[in-house]
Structures are given as C-alpha cells and as structure tokens.
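If you're matching positions, the sequence shown starts at 1 in full-length UniProt numbering and goes up one per residue. Note that CB positions come from ideal geometry on N, CA and C, so glycine has one too. No experiment lies behind these values; they were computed from the predicted model shown. These notes are about the structure you will find just below.
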Amino acid sequence: MTRRKQDGKAAGGAREDAADERTPARAQGRGTGRRAADRGRYGRLSRERVLSTALELVDREGLSALSMRRLGAELGVEAMALYRYAAGKDGLLDGLVEALYLELHERLDAGFRPPAGPGAARKRGGPGADPAPPWRLELHRIAQATYQVALEHREVVPLLATRMLAVPLARRSQAVLRAQEDMLGLLAVAGLDEEEAAAAYRAVSAWTLGYVFADLQAMVDNPEEPEAAFRLGLHRMPVHDFPELRAVTPVLAENGGPQGLAEGLDAVLDRWAPG
C-alpha cells in the first residue's frame, strides 16, 4: 500500500472514531465512566451516605481522623469524588452537625418518648394536678432526644458549639433550621411573643446543650486507678486553692442523666412560660 493510501485510510479511521464519539452509545459510555467515579465500594454515593459514613468514622476514631482522603478510602472512591457532596473539611464538619440533627428528627418522627419517672416533665401543681401542657411535654421530648443522640455521638458534640459559632443562620442546613423552627413554634403555642420567645429559645438551647457538654466533659485522669480521688487526679489540684471544686468533682464525674436535664429544663421554662 502506498504512503498516500495509508494516510487516507488513517484519516478515514479518525473520522469514523469522531463520528462514533457523537453516537448515543459512545456518549452513554463516557457518561457511565464519569458516573463510575461516584460509585463507592458498596454502591452509588449520595450526600446522606457520605455524611453517615463520616459520622461512623468519627464515632470510631475521633474528629482528627476525618479528612477527604480518609473518607474517600472508607467509601471506596477518590477524594475528589466527595467535593460534590461537601466543599472540603469545613463542609464535612458542617455535614456532621447536619447528620446529628437528621438523626434527631428521625427519632422524634419515629415517636421517641423520654423515660418515665426520671426525665419526665413534672405535673403542674403537685400530686393529682393536670399533666404538663403538650407544648412543654414536646420541648422535654426534644431535649431528651437531643441528649440521647449526643451520648451516642460524643466525638461530634463539640461541633454543636464551634460550627454554630462559625456558620451564619441562613447558611445552616435544613435539618438545623427545622429544629430551631420547631422549638420557636412550641414557644409560640405557649403564648410567648417574639421577644419572649427569642429569650426563652436562647435559655432552653443554652441549658440543653450546656447540660450535654457538662455531662460529656473529660473528668477521669487515670481510668486504671481504683481509688476515686486518684482516678480523678484530685492529688494534682492544690488542696487549699480549690476546696469546693475538689469536694464536688466526684459528683460531677457522674452523669447527671435524664432527670437532671428535665429538672433544669422545667426551671428554665417556669421563668418564661409557667403554664
């Protein structure tokens, strides 16, 4: 075959390849290739799956283990495939907060009930009185569900403070905004006007999250020490400088539990809506 014929054949082949690339089958093949980048080891990616896997990773190994590369490895994809679902590390951190609130809503929607007795909203006016009004019972239900979710995801709890401080209200996830809307709606049902509802909302939120933080704070200095005082490291604290703190620390080392949360919440609500 002459050189001219060879060149013509090559050119014709190139034109055929170009035409093939414009056919639906070839285009579909390229699309499948792109979509394959979003398929993890266990199936197609979604924001919900990315966030739930991130939450599992942090529950297991702590916040320091979370990175786009590590999360990609957990999902069986390249790190770049995750940027469609979270815009970097900060996006993942915000996503973890979203995941906590999504779990909170799932529990509430599934009919979560706080424990009877300790942790239950008390009746108004003593024995034999009518039970607390529905709006108060629902605020207790939300607080207790929040407490339970936090206990199960301790490593993520600090983000409930740090990310709320960093992310403006209008940029928060729908799950977070829904929780805030629900609480304000209940306070409106209680008869509070906008200013009263805002003040009560701040107080209820501060109490609920503050209680969670206090219950989850690190207290034990040496878990292998059988003696309580040494286990808590009280010998490291000057005896004469912190007498009250030394005395109360053994009590603080025990979780306050649902009952303490409920009692404090009732005290807060009594200030703003005693009904």
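* Going by other Cβ atoms of all chains shown within 10 Å of its Cβ, with 16 needed for buried, is A273 buried or exposed? -> buried
* **Close Cβ partners of P223 (< 8 Å) along its chain, the five nearest in sequence each way excluded** => R231
* Asked: Is the segment 255 to 273 close to the segment 144 to 164, with three or more CB pairs under 8 Å?
  -> yes
* Are the beta-carbon atoms of E74 and L102 separated by less than 8 Å? -> no
* **Assigned secondary structure, R44 (DSSP; H/G/I helix, E/B strand, else coil)** => strand
* Rounded straight-line distance, which links the Cα of A229 to that of P243 -> 13 Å
* Expressed to the nearest angstrom, what Euclidean distance is found between the alpha-carbon atoms of Y201 and L184? -> 7 Å
* Which of the three DSSP states, helix, strand or coil, is assigned to G111? -> coil
* To do: Would you give the residue range spanned by the alpha helix (DSSP H) that P238 belongs to?
  => Here P238 belongs to no alpha helix (DSSP H), and DSSP marks it neither H nor E.
* Asked: Alpha carbon to alpha carbon, what distance is there between P250 and Y85?
  -> 44 Å
* To do: Keeping to the same chain, check which residues put their C-beta closer than 8 Å to that of E225; ignore five residues upstream and five downstream.
  => R231
* **As assigned by DSSP and simplified to three states, the class of V157** => coil
* Asked: In three-state DSSP terms, what is P134?
  -> helix
* To do: Under 8 Å by Cβ, that's how I've got A54 and L71 pegged, so tell me the actual separation to the nearest angstrom.
  => 6 Å
* Could you check which residue in D221, G95, G76, V212 has the C-alpha nearest to that of E48? => G95
* With DSSP as the reference, label S173 as helix, strand or coil. => coil
* Could you round the C-beta distance between H105 and A197 to whole angstroms and report it? I think they count as a contact, below 8 Å. => That belief does not hold up - the Cβ atoms of H105 and A197 are roughly 21 Å apart, past 8 Å.
* If you compare alpha carbons, which of P131, F213, L169, R141 is closest to R154? -> F213
* Start and end of the alpha helix (DSSP H) containing residue 278? -> Since the first residue shown for the chain is 1 and the last is 275, residue 278 is missing from the structure and cannot be characterised.
* Asked: If you draw a straight line from the C-alpha of D266 to the C-alpha of A79, how long is it?
  -> 47 Å
* To do: Go ahead and pull the three-state DSSP assignment for L192.
  => coil
* **E74, enclosing alpha helix (DSSP H) - first and last residue** => 68 to 75
* Given that a residue counts as buried once 16 or more other Cβ atoms are within 10 Å of its Cβ, and exposed if not, what is V97? -> buried
* Asked: Using a Cβ-Cβ cut-off of 7 Å (strictly less than) and excluding sequence neighbours within five positions of G264, which residues of its own chain qualify?
  -> W207, Y211
* Asked: With burial defined as no fewer than 16 other Cβ atoms inside 10 Å of the residue's Cβ, what is the status of P114: buried or exposed?
  -> buried
* Give the secondary structure of G91 by DSSP, where H, G and I count as helix, E and B as strand, and everything else as coil. => helix
* To do: Quick one: grab the DSSP three-state call for M164.
  => helix
* Asked: Considering only the beta carbon of each residue, do V156 and A203 sit closer than 8 Å?
  -> no
* Which one of A199, A170, R163, D109 has the shortest CA to CA distance from R141? -> D109
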